[in-house]
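I have placed the structure first, in the form of structure tokens, so that the comments after it can refer back to it.
Number of protein chains: 2
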Amino acid sequence: MQIHTEVEDDSRFQGHAEFMRQAIALATENVTGGRGGPFGAVVVKDGRVIATGVNRVTASNDPTAHAEVMAIRSACQRLGTFLLEGCDVYTSCEPCPMCLAAIYWARCRAVFYGNTAADAARAGFDDEFLYQQISRPISERSLPMAQMLAGEAQASFAAWQETPGKVRY
Amino acid sequence: MQIHTEVEDDSRFQGHAEFMRQAIALATENVTGGRGGPFGAVVVKDGRVIATGVNRVTASNDPTAHAEVMAIRSACQRLGTFLLEGCDVYTSCEPCPMCLAAIYWARCRAVFYGNTAADAARAGFDDEFLYQQISRPISERSLPMAQMLAGEAQASFAAWQETPGKVRY
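This is the structure we're talking about:
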């Protein structure tokens, strides 16, 4: 594994081959079964598989149905929480920016991946392009973005600030 | 609007206040109704609202249930496609990296936003932190990430390359 040697003893950094092999098998079966793209993911907690996911973008008409997002959604439903603290994600390919941000929002502990974003790009997927786009200032992205009604929009955050007992996330 | 003056005549860059006001109203009502965070989004095509979304993270135990993701998923279901070409997203706040990548994957045409990621950060949300994290090399992120079984993982992409008639996305 390409990890920092000084933290190799930390259990957070110890990936287990059985879980990665399951993620890879899910990815390959998703392709050979004609169900979608070559991506699979497994969420693991305390040495047990909590949930799995495969790419369902084309099959379910959902551009957000990437393997990691599917696995995170499923794990959250199973555990009855929106936080996956202590959970590791094993994914057949380095997460795209959408999936990586979802992993951060879910507070997962660590990510283990097989293929890289560069491998995905060679296979025809936009992962590397998206990493480049999202790292740029708004004005330098290919996607047109513009702010409007900034003053009126503040009302939403003001309402949030004024609400007692809200559930933060 | 903060846009490039040379493209102001392009319809892609013309946001319409009525749609932004709807997104802001959805965001505020989501808070005052106790249903979730201060975020709302509207997907518009050909001058019509195709779908709306609000933040449902805590209400549905789904860390991916941000307003833009919800609106995109709903719009795709309504239109029966995983591509939202020609669709504009109006969102009460600048999309987080997860939502921005989802908007790219869905091939939306443009994004109009009210609050900024900096505003969101001041309200207690991690948007700015995530933009910083995702722009960094893997080894410099707070989330531990490690590659493993790279050789075996290639099988998934090989299966994809070898599959005739696959649906690309």
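One line per chain: the protein sequences are H and D, in this order.
Taking the numbering used here, the leading residue of the first sequence gets 1, the next gets one more, and so forth.
Taking the numbering used here, the leading residue of the second sequence gets 170, the next gets one more, and so forth.
Every residue gets a Cβ at the ideal spot worked out from N, C-alpha and C, and that includes glycine.
Bridge partners - residue i, DSSP secondary structure assignment
i: Gly209 (chain D); result: D:Val223
i: Met145 (chain H); result: D:Val280
i: Tyr90 (chain H); result: H:Val42, H:Phe112
i: Arg291 (chain D); result: DSSP lists no partner for Arg291 (chain D).
i: Arg78 (chain H); result: Paired residues: none, contrary to the question.
i: Arg48 (chain H); result: H:Lys45
Contact set for residue i: own chain, Cβ-Cβ below 6 Å, skip 5 residues either direction
i: Val223 (chain D); result: Leu195, Asn199, Gly209, Ala236
i: Gly37 (chain H); result: Asn55
i: Arg35 (chain H); result: Ala59
i: Phe157 (chain H); result: none
Candidates the options: closest to residue i by CA position
i: Gln14 (chain H); options: H:Asp46, H:Thr58, H:Thr81, H:Pro38; result: H:Asp46
i: Gln191 (chain D); options: D:Ala228, D:Ala240, D:Arg225, D:Val226; result: D:Ala240
i: Pro218 (chain D); options: D:Ala287, D:Asp257, D:Ala319, D:Phe298; result: A small correction: the amino acid at residue 218 (chain D) is Val; Pro does not occupy that position in the sequence shown. Closest by alpha carbon: D:Asp257.
i: Met145 (chain H); options: D:Ser243, D:Ala327, D:Gly283; result: D:Gly283
i: Thr197 (chain D); options: H:Ala110, H:Trp160, H:Ile24, H:Leu84; result: H:Trp160
i: Thr260 (chain D); options: D:Leu253, D:Gly249, D:Val238, D:Glu254; result: D:Val238
i: Leu253 (chain D); options: H:Asn61, H:Pro137, H:Asp127, H:Ile138; result: H:Asn61
i: Ser142 (chain H); options: D:Ala279, D:Pro266, D:Arg310; result: D:Ala279
i: Ala322 (chain D); options: H:Ala120, H:Cys108, H:Ala65; result: H:Ala120
i: Gly255 (chain D); options: D:Asp296, D:His185, D:Ala319, D:Val212; result: D:Val212
i: Cys108 (chain H); options: H:Glu128, H:Ile138, H:Arg73; result: H:Arg73
Local Cβ density within 10 Å of residue i, reported as buried at 16 or more and exposed below that
i: Gln316 (chain D); result: buried
i: Thr227 (chain D); result: buried
i: Glu187 (chain D); result: exposed
i: Gln171 (chain D); result: With a pLDDT of only 48 at Gln171 (chain D), under the threshold of 50, the placement of this residue in the model should not be trusted, and no figure is reported.
i: Thr332 (chain D); result: exposed
i: Ala155 (chain H); result: buried
i: Val167 (chain H); result: exposed
i: Ala118 (chain H); result: exposed
i: Pro63 (chain H); result: buried
Own chain residues within Cβ distance below 7 Å of residue i, not counting five before or after
i: Arg291 (chain D); result: none
i: Pro97 (chain H); result: Leu130, Tyr131, Ile134
i: Met189 (chain D); result: Tyr259, Phe281, Gly283
i: Leu100 (chain H); result: none
Spatial neighbours of residue i in its chain, beta-carbon cut-off 8 Å, leaving aside the 5 residues before and after
i: Thr285 (chain D); result: Cys262, Glu263
i: Phe251 (chain D); result: Cys245, Ala275, Tyr338
i: Arg247 (chain D); result: Ile219, Ala220
i: Leu318 (chain D); result: none
Stretch-stretch touch, CB-based, cutoff 8 Å, three pairs: the segment 126–136 of chain H with the segment 272–291 of chain D: The segment 126–136 of chain H vs the segment 272–291 of chain D: in contact.
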